[in-house]
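Here's the structure we're looking at; comments come further down.
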Amino acid sequence: MRNLLLATTVLLGLLLLQSCQKELSFEGGGLPPTTRRCVSCTYLPFCDSSEFTYLVDGTDTLGGPVFLRNDTTVNGVPFAQVSAIPGIGRGLLYSCAAGDYRLAFPLSELGLNADSIRQLMAPLLDSLLPVPADPNSLLIPDVLYATVLQSNNAQGSAWLDTLTAITIPFGTAPLVFNLRVYAGIEYTYLEKDATRTVLGTTYSKVQHVQGKPKIGVTVPVPVPLPIPAVDAQIDFYLAKDVGVIEMAQRDSSGVQHSAQLLRYRL
Numbered sequence: 000m001r002n003l004l005l006a007t008t009v010l011l012g013l014l015l016l017q018s019c020q021k022e023l024s025f026e027g028g029g030l031p032p033t034t035r036r037c038v039s040c041t042y043l044p045f046c047d048s049s050e051f052t053y054l055v056d057g058t059d060t061l062g063g064p065v066f067l068r069n070d071t072t073v074n075g076v077p078f079a080q081v082s083a084i085p086g087i088g089r090g091l092l093y094s095c096a097a098g099d100y101r102l103a104f105p106l107s108e109l110g111l112n113a114d115s116i117r118q119l120m121a122p123l124l125d126s127l128l129p130v131p132a133d134p135n136s137l138l139i140p141d142v143l144y145a146t147v148l149q150s151n152n153a154q155g156s157a158w159l160d161t162l163t164a165i166t167i168p169f170g171t172a173p174l175v176f177n178l179r180v181y182a183g184i185e186y187t188y189l190e191k192d193a194t195r196t197v198l199g200t201t202y203s204k205v206q207h208v209q210g211k212p213k214i215g216v217t218v219p220v221p222v223p224l225p226i227p228a229v230d231a232q233i234d235f236y237l238a239k240d241v242g243v244i245e246m247a248q249r250d251s252s253g254v255q256h257s258a259q260l261l262r263y264r265l
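First residue of the sequence shown: 0, per numbering that gives the first Met the number 0; consecutive thereafter.
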């Protein structure tokens, strides 16, 4: 389960870094122009054909334009479609409804489905779990979500995006019961309306959110469980009327991947 969560976390982190590098930002300060179609979100505003450039991993630069497509809905929630991630048919799906800044990654847009993922993961589950588990009990959502900010929350608050869950038999016969174990990303609102300098530019009203992998059980159990900790985290810094100014994926050995806003244009 630890490797399962770590792999999912790395995949999610890379998708988020791609979106940060290729679309989630805005140039110049101030509000978007009224002459172009724009997404009006305080901490992730952008318009059709906005351009920006990020410094990636401290050595490379990556930039390009943002193109907005028609809006869509995911599970009844409206999302903007952004042509941001190569290989994903509809591009990035993005929403800031009710102050919840969410990215959506539909499995179908990645060329995947729940059954194919279960088949691929069955050998991995057999190697990781101390007892056999039914792959059919592995919950694979049709859409993966990353809630990178809940702007109406207070500093210090936390929330969880569940990525997957599985039923695991626990104990020895005849005292065997099924545990529902989940794996997800827990986000903590570390700083609200802070000031941060990135590549020589100082930004105000910066929101700092940190995401960490989390494994847990859906109901309390009377005995401690050997639930492993996962050495990984991802930090987002979002500035008002600008967007993502910095992002870093790291573990205890240091930063593994990063993106810093270098320049931008509305």
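Every residue gets a Cβ at the ideal spot worked out from N, C-alpha and C, and that includes glycine.
Remember, it's a predicted structure, so these values are computed and weren't measured experimentally.
* Contacts around Leu30, its chain only, beta-carbon distance under 7 Å, and the 5 residues preceding and following it disregarded -> Note that Leu30 has pLDDT 49, beneath the 50 cutoff, so the model's placement of it is unreliable and the number below is only indicative. Around Leu30: Asp240.
* **Range covered by the beta strand (DSSP E) that runs through Val65** => First-last for Val65: undefined, no H or E at that position.
* Asked: Buried or exposed: Glu245, going by 16 or more other Cβ atoms within 10 Å of its Cβ?
  -> buried
* Asked: Quick one: is Leu16 buried, meaning 16 or more other Cβ sit within 10 Å of its Cβ, or exposed?
  -> Its pLDDT being 45, under 50, Leu16 is placed unreliably by the model, and nothing is read from it.
* Segments of 3+ residues assigned as beta strand (DSSP E) that fall wholly inside the region 167 to 210 -> 174 to 197
* To do: May I have the straight-line CA-CA distance separating Arg285 from Ile139, to the nearest angstrom?
  => This structure cannot settle anything about residue 285, because the visible part of the chain is limited to 0 through 265.
* Asked: Should Cys95 and Cys40 be called a contact, given that it needs their Cβ atoms to be closer than 8 Å?
  -> yes
* Residue closest to Thr71, alpha-carbon to alpha-carbon, out of Ile165, Gln80 and Ser115 -> Gln80
* Asked: Taking Cβ to Cβ, would you say Ser49 is nearer than 8 Å to Arg264?
  -> yes
* Option nearest Leu198 by Cα separation, candidates Arg35, Leu54 and Gly253 -> Leu54
* Within the present structure, is the beta-carbon of Ala97 separated from the nearest heavy atom of the ligand SAM by less than 7 Å? -> No copy of the ligand SAM appears in this structure; indeed no ligand is present at all.
* Asked: Helix, strand or coil: how does DSSP classify Ser82 here?
  -> coil
* Can you grab the Cα-Cα spacing for the pair Val76 / Leu174, in whole Å? => 43 Å
* Tell me, which residues are paired with Glu245 by DSSP? -> Tyr236 and Gln259
* Ser251 in three-state terms, based on DSSP -> coil
* **Ile214 to Arg35 span [Cα, whole Å]** => 44 Å
* **Distance CB(Val208)-CB(Val147) smaller than 8 Å** => yes
* Rounded C-beta distance between Gln149 and Asp99? I'm assuming under 8 Å. -> 5 Å
* Within its chain, find whatever has a CB closer than 6 Å to the CB of Thr187; leave out the 5 residues flanking it on each side and keep chain order. => Ala157 and Gln209
* Distance between Phe176 and Ile84 (C-alpha atoms, nearest Å) -> Residue confidence is low: Ile84 scores 45 on pLDDT, short of 50, so the model does not pin down where it sits. No coordinate-derived value is stated.
* To do: Ignore the nearest five residues each way along the sequence and tell me which others in Asp192's own chain have a CB closer than 6 Å to its CB.
  => Lys204
* Put Gln154 into one of helix, strand or coil per three-state DSSP. => coil
* Classify Arg264 as helix, strand or coil using the three-state DSSP reduction. => strand
* Asked: Are the beta-carbon atoms belonging to Tyr93 and Gln206 less than 8 Å from one another?
  -> no
* Three-way DSSP call (helix, strand, coil) for Ser107 in this model -> helix
* To do: Pull up the CB-CB distance for Val216 and Arg262, whole angstroms please, since I reckon it's below 8 Å.
  => Going by Cβ atoms, the distance from Val216 to Arg262 rounds to 47 Å, so no, they are not a contact pair.
* **Minimum C-alpha distance to Arg117 - residue among Ser136, Glu108, Gly110 and Leu162** => Ser136
* **Three-state secondary structure (DSSP) of Gly28** => Caution is warranted here: a pLDDT of 43 is assigned to Gly28, below 50, making its placement in the model unreliable, and no coordinate value can be reported.
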